[in-house]
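Undergrad: Just so you know, the sequence shown maps onto residues 88 to 490 in this note's numbering. Backbone N, C-alpha and C fix where the C-beta goes; we use that ideal spot for every residue, glycine too. All of these numbers come straight from a predicted model, not from anything done at the bench.
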Amino acid sequence: MSEPKEPGTAAKPPAAPEPVPAWQAILRGLGPRGLGLKIGAPVLALLISLGITMILLRITGADPVSSVQSMIDYGTTENSIVDTVNRATRYYLSAVAVAIGFRMALFNIGVDGQYRLAAMLAAALGGALTLPAPFGQILTILAAMLIGGLWASIAGILKVTRGISEVISTIMLNAIATGLVAYLLNDKRLADVRPGSNNVATPKIPESGRVDPLNGFLASIGIDLPGRMYGLLPLAIVVGIVFYIVINFSRFGFDLKVSGLSPSAAQSSGISAPKMIVATMVLSGATAGLIGMPELLGESYEYSLNFPAGLGFTGITIALLGRNHPVGIALAALLFAFLDQTSDVLQEVDVPKEIVGVMQGVIVLTVVIVYELVRRWEIRLQQHTVAAELATGRDLAREESAS
88 MSEPKEPGTA AKPPAAPEPV PAWQAILRGL GPRGLGLKIG APVLALLISL
138 GITMILLRIT GADPVSSVQS MIDYGTTENS IVDTVNRATR YYLSAVAVAI
188 GFRMALFNIG VDGQYRLAAM LAAALGGALT LPAPFGQILT ILAAMLIGGL
238 WASIAGILKV TRGISEVIST IMLNAIATGL VAYLLNDKRL ADVRPGSNNV
288 ATPKIPESGR VDPLNGFLAS IGIDLPGRMY GLLPLAIVVG IVFYIVINFS
338 RFGFDLKVSG LSPSAAQSSG ISAPKMIVAT MVLSGATAGL IGMPELLGES
388 YEYSLNFPAG LGFTGITIAL LGRNHPVGIA LAALLFAFLD QTSDVLQEVD
438 VPKEIVGVMQ GVIVLTVVIV YELVRRWEIR LQQHTVAAEL ATGRDLAREE
488 SAS
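The following block contains the structure:
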């Protein structure tokens with residue numbers, strides 16, 4: 088029995104729960120169960136996709152073990168590692184550009200057109216001006232970001248003013264960007280015909296506007312590489328870090344996610360959902376403008392008919408595979424770059440290189456299915472935990488993270 092209360096004394100209200108520090112909240116999410124789900128899901132998906140791929144290789148008449156071993160042997164040579172990292176740098180920037188839109192439930196399919204138009208116009212600008220370093224590099228990069236952001240803003244403005252889906256508008260803008268690039272990449276406009284070939288390219292960017300490879304820095308710390316590693320690799324790393332911080336630890340990132348989850352709720356909270364849509368598309372396009380910079384400033388120094396294409400669509404796949412997280416995107420970009428790099432060696436073991444495209448598709452489908460199954464399983468576990476806490480009055484999640 089409870090003790091009798093003295094007359095005229097009011098019952099004390101229950102003490103408010105102490106706020107949980109941010110680092111403890113993170114540790115709760117990375118407890119044994121949370122960490123197991125985050126690591127186990129992609130590992131399980133990759134193992135399943137590897138098994139399916141080996142079955143497909145067997146169906147084609149190839150020895151799956153020797154085929155995979157040939158890819159690993161070729162992909163782990165020094166030259167292949169450099170090429171893989173260079174490919175992954177472009178893939179990573181493309182995927183981050185897509186992930187920015189995904190964070191607000193916007194499907195920016197126009198990344199491909201945004202980066203190609205930005206790279207071509209930035210290349211023309213960089214080739215026409217001779218500025219001392221680092222002003223030439225900075226001007227070219229900023230011009231590419233500005234062009235990419237402005238081109239993507241068209242889709243955002245159409246969505247908030249006319250209600251046009253960004254999927255449709257960005258697809259159409261891809262076609263328009265392709266036409267503009269073809270029109271401007273002409274010897275009568277912004278390009279020149281290369282002597283002795285049918286290739287058309289913008290004027291070469293001068294030496295002062297180029298970015299040196301990382302080989303000199305790596306050699307100073309004892310790492311000698313046979314090939315040229317993109318000097319803008321650190322830029323891609325910085326983009327990933329800024330993306331993670333802004334999305335997860337800033338007011339803008341909070342407004343962006345809330346607007347994507349529920350525009351009406353965001354509006355009632357004082358957040359302008361239309362402004363967030365346009366701002367998100369601009370940021371996504373500006374990031375897309377960076378995709379061509381490692382190749383332009385670090386290797387080709389011009390935009391030509393041979394400039395890499397299709398990176399925007401690859402970025403969509405990698406963003407989905409990496410679950411829009413910078414670390415997951417980095418791992419997915421390295422995986423896809425490795426598969427692309429090692430596709431040629433399959434022909435030496437009588438396997439068509441197109442099987443790599445099938446492998447990539449299998450990986451994506453498997454990962455999506457496994458992630459969905461794990462998500463449902465995690466929801467059920469959370470429901471059971473909440474029910475047990477209500478029944479016992481104990482914070483099981485806190486106890487699990489503490490153990």
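What is the rounded straight-line gap between the Cα of A417 and the Cα of I403?
TA: Start at 1 with the first residue of the sequence shown, and residue 417 comes out as number 330. Start at 1 with the first residue of the sequence shown, and residue 403 comes out as number 316. If you take the alpha carbons of A417 and I403, they lie about 13 Å apart.
Undergrad: Need the endpoints of the alpha helix (DSSP H) that G415 sits in, please.
TA: Numbered from its first residue, the sequence shown carries residue 415 at position 328. 413-428 is the span of the alpha helix (DSSP H), which, as asked, contains G415.
Undergrad: Within 10 angstroms of the Cβ of A269, are there 16 or more other Cβ atoms? Answer buried if so, exposed if not.
TA: Stepping through the sequence shown from its first residue, residue 269 is reached at position 182. A269 should be labelled exposed.
Undergrad: Look at G347 and A186 and say whether their C-beta atoms are less than 7 Å apart.
TA: Indexing the sequence shown from 1 puts residue 347 at position 260. Indexing the sequence shown from 1 puts residue 186 at position 99. No; because the gap between Cβ atoms is not below 7 Å, this pair is not in contact.
Undergrad: Which of the three DSSP states, helix, strand or coil, is assigned to V280?
TA: Counted from its first residue, the sequence shown places residue 280 at position 193. In this structure, V280 counts as strand in the three-state DSSP scheme.
Undergrad: From which residue to which residue does the alpha helix (DSSP H) around A149 run?
TA: As a first step, residue 149 must be located in the sequence shown, where it is residue number 62. Careful: A149 lies outside any alpha helix (DSSP H) and carries neither H nor E.
Undergrad: Please go through the same chain and pick out, in chain order, the residues whose beta-carbon is closer than 7 Å to the beta-carbon of I244, but skip the five residues on each side of it.
TA: Looking up residue 244 in the sequence shown gives position 157. V365, listed in sequence order.
Undergrad: Return the chain-ordered list of same chain residues with a C-beta closer than 7 Å to the C-beta of A175, the five sequence neighbours on each side being excluded.
TA: Here residue 175 corresponds to residue number 88 of the sequence shown, with the count starting at 1. Closer than 7 Å at the Cβ level, and outside the excluded window around A175, lie A420, L421, A424.
Undergrad: What's the C-alpha gap between S167 and V254?
TA: To locate residue 167, count along the sequence shown from 1; it is residue 80. To locate residue 254, count along the sequence shown from 1; it is residue 167. Distance between the alpha carbons of S167 and V254: 36 Å.
Undergrad: Does the beta-carbon distance from A205 to A231 come in below 7 Å?
TA: Residue 205 sits at position 118 when you count from the first residue of the sequence shown. Residue 231 sits at position 144 when you count from the first residue of the sequence shown. Contact flag set, yes.
Undergrad: By the 10 Å Cβ neighbour count, where 16 or more other Cβ atoms means buried, how is E435 classified, buried or exposed?
TA: One-based indexing of the sequence shown puts residue 435 at position 348. E435 comes out exposed.
Undergrad: Report the start-end ranges of each beta strand (DSSP E) in the stretch 335-397 that is 3 residues or longer and not cut off at the edges.
TA: Within the stretch 335-397, no complete beta strand (DSSP E) run reaches 3 residues.
Undergrad: Report back the beta-carbon spacing between G318 and D299 to the nearest angstrom; my notes put them in contact at under 8 Å.
TA: One-based indexing of the sequence shown puts residue 318 at position 231. One-based indexing of the sequence shown puts residue 299 at position 212. Correct: roughly 5 Å between the Cβ atoms.
Undergrad: DSSP on V287, reduced to helix/strand/coil?
TA: In the sequence shown, the residue the question calls residue 287 occupies position 200. Strand.
Undergrad: Is K440 helix, strand or coil when you go by DSSP?
TA: Taking the first residue of the sequence shown as position 1, residue 440 is located at position 353. Residue state, collapsed to three classes: coil.
Undergrad: Taking 7 Å as the limit between beta carbons, can you name the residues of its chain near Q224, skipping five residues before and five after?
TA: Translated into the one-based positions of the sequence shown, residue 224 becomes position 137. Excluding residues within five positions, the ones whose Cβ falls inside 7 Å are G296, V298, L384.
Undergrad: If we call anything under 7 Å between Cβ atoms a contact, is M158 one with T429?
TA: By 1-based counting over the sequence shown, the position of residue 158 is 71. By 1-based counting over the sequence shown, the position of residue 429 is 342. Against a cut-off of 7 Å, the Cβ pair of T429 and M158 comes out as a contact.
Undergrad: I need the straight-line Cα distance from D150 to P439, nearest angstrom please.
TA: As a first step, residue 150 must be located in the sequence shown, where it is residue number 63. As a first step, residue 439 must be located in the sequence shown, where it is residue number 352. Looking at the two C-alpha atoms, the distance is approximately 13 Å.
Undergrad: Determine the burial state of L335: buried for a count of at least 16 other Cβ atoms within 10 Å of its Cβ, exposed for fewer.
TA: Taking the first residue of the sequence shown as 1, we reach residue 335 at position 248. This sequence places Asn at residue 335; Leu is not what is there. N335 should be labelled exposed.
Undergrad: Beta-carbon of M158 versus every beta-carbon of chain B: anything under 7 Å?
TA: In the structure shown, chain B cannot be found, because there is only a single protein chain.
Undergrad: Return the CA-CA distance between I456 and I466, expressed in angstroms with no decimal places.
TA: Counted from its first residue, the sequence shown places residue 456 at position 369. Counted from its first residue, the sequence shown places residue 466 at position 379. If I take the Cα positions, the gap works out to 16 Å.
Undergrad: My output table needs one value for G303: the three-state DSSP class, helix, strand or coil.
TA: Translated into the one-based positions of the sequence shown, residue 303 becomes position 216. Helix at G303.
Undergrad: Quick one: what's got a C-beta closer than 8 Å to I292's C-beta in the same chain, skipping five residues either side?
TA: Here residue 292 is taken as the residue at index 205 of the sequence shown, counted from 1. Same-chain partners within the cutoff: A210, G213, G214, G223, T227, L383, L384, Y388, E389.
Undergrad: Classify P381 as buried or exposed, calling it buried when 16 or more other Cβ atoms lie within 10 Å of its own Cβ.
TA: Counting from 1 along the sequence shown, the entry for residue 381 is found at position 294. Buried, because 16 or more other Cβ atoms sit within 10 Å of the Cβ of P381.
Undergrad: What does a CB cutoff of less than 8 Å around D274 pick up in its chain, not counting 5 residues either side in sequence?
TA: Start at 1 with the first residue of the sequence shown, and residue 274 comes out as number 187. Result list for D274: V280, V287, in chain order.
Undergrad: DSSP state of W110, grouped into three classes?
TA: Along the sequence shown, read from residue 1 onward, the residue named residue 110 stands at position 23. Here the model assigns W110 a pLDDT of 38, short of 50, so the residue's position is not dependable and the matter cannot be decided.
Undergrad: In whole angstroms, what separates the C-alpha of V451 from that of T217?
TA: Stepping through the sequence shown from its first residue, residue 451 is reached at position 364. Stepping through the sequence shown from its first residue, residue 217 is reached at position 130. Rounded to the nearest angstrom, the two C-alpha atoms are 44 Å apart.
Undergrad: So, helix, strand or coil for D311, using DSSP?
TA: Here residue 311 corresponds to residue number 224 of the sequence shown, with the count starting at 1. Of the three classes helix, strand and coil, the one that applies to D311 here is coil, per DSSP.
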